[in-house]
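Student: Numbering (the UniProt record's numbering), first residue to last: 1 to 221.
Even for Gly, the Cβ is constructed at its ideal location relative to N, Cα and C.
Below are the structure tokens for one structure; questions will follow.
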């Protein structure tokens, strides 16, 4: 966490953009500061090649009064656009440099992130990938992976064939250690899969409706 120092005017803030300073306008209740990403972004990606950067701003105020920032900001801080640009044409093909396939990075050495990918239907391939290690699902049924949340490693890989999917409910309730991340995926149209109540023990806010579900993809803790 880094501390920022207040300056007395917006003009001073704009002159010293690279410094750790901020300007708070008491008359409008608006807080101004400049933030710069540490790593370069490529194309239209919202994350750099190093991962996604997150910013948390914590401010302390003595006053408990409320301010309508949207109403108070104008016309005081109104600015005309520096240039008028036309709306670009809509992209019809897949954007190769949009979005992000990177994990988040952090300066906290005690935090570890796990990259999980569930592949279904596309190219007839069904699998779960954990940190680029693929666990294929080649037969009809349900695949369950248990990941140690502290180590980030897969500790259990269990396959339930279509005729034995009823065993998954008891497995969820009794066969998963504490501090585990659980990933489930299915292949085939499995009927009578009564695990909705059991999924609430893995973090589901409420029992999901799994009736007539062609495939199941679930990640819980």
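Look up residue 64 in the DSSP assignment and give the residues it is bridged to.
Tutor: DSSP, once it has assigned bridges, lists no residue as partnering residue 64.
Student: Between residue 172 and residue 145, which are expected to be in contact by the criterion C-beta below 8 Å, what is the C-beta distance as a whole number of angstroms?
Tutor: Going by Cβ atoms, the distance from residue 172 to residue 145 rounds to 13 Å, so no, they are not a contact pair.
Student: Three-state secondary structure (DSSP) at residue 69?
Tutor: Correct three-state label for residue 69: helix.
Student: Residue 15 and residue 2: beta carbons closer than 9 Å?
Tutor: No, the pair does not count as a contact, with Cβ atoms beyond the cut-off.
Student: Residue 11 by DSSP, collapsed to three states: which one?
Tutor: Of the three classes helix, strand and coil, the one that applies to residue 11 here is helix, per DSSP.
Student: Are there 16 or more other CB atoms within 10 angstroms of the CB of residue 55, so buried, or fewer, so exposed?
Tutor: Classification for residue 55: exposed.
Student: Considering only DSSP beta bridges, list what residue 29 is partnered with.
Tutor: According to DSSP, residue 29 bridges with nothing at all.
Student: Among residues of its own chain, excluding the 5 on either side of residue 140, which ones have a beta-carbon nearer than 8 Å to its beta-carbon?
Tutor: Closer than 8 Å at the Cβ level, and outside the excluded window around residue 140, lie 161, 162, 187, 188 and 190.
Student: Per DSSP, what are the beta-bridge partners of residue 43 in this structure?
Tutor: Looking at the DSSP assignment, residue 43 forms no beta bridge with any residue, so it has no partner.
Student: What does the Cβ neighbour count give for residue 47, buried or exposed, with the cut at 16 atoms within 10 Å?
Tutor: Classification for residue 47: buried.
Student: Starting from residue 174, trace the alpha helix (DSSP H) both ways and give me its first and last residue.
Tutor: Note, residue 174: alpha helix (DSSP H), 168-174.
Student: Please report the distance separating the alpha-carbon of residue 43 from that of residue 130.
Tutor: One C-alpha to the other measures close to 27 Å.
Student: Using a Cβ-Cβ cut-off of 6 Å (strictly less than) and excluding sequence neighbours within five positions of residue 169, which residues of its own chain qualify?
Tutor: Here the set comprises 195 and 198.
Student: Do residue 84 and residue 181 have their C-beta atoms closer together than 9 Å?
Tutor: Not in contact: residue 84 and residue 181 (Cβ atoms no closer than 9 Å).
Student: Under 9 Å between the Cβ atoms of residue 25 and residue 34?
Tutor: For residue 25 and residue 34, no; Cβs fall outside 9 Å.
Student: Ordered along the chain, which non-local residues of its own chain (more than five positions away) have a Cβ less than 6 Å from that of residue 125?
Tutor: Taken in chain order, the residues that qualify are 119.
Student: Just the Cα atoms here: how many angstroms apart are residue 28 and residue 22?
Tutor: Taking the straight line from one Cα to the other gives about 15 Å.
Student: What residue range does the beta strand (DSSP E) around residue 162 cover?
Tutor: Run containing residue 162: none; DSSP gives neither H nor E here.
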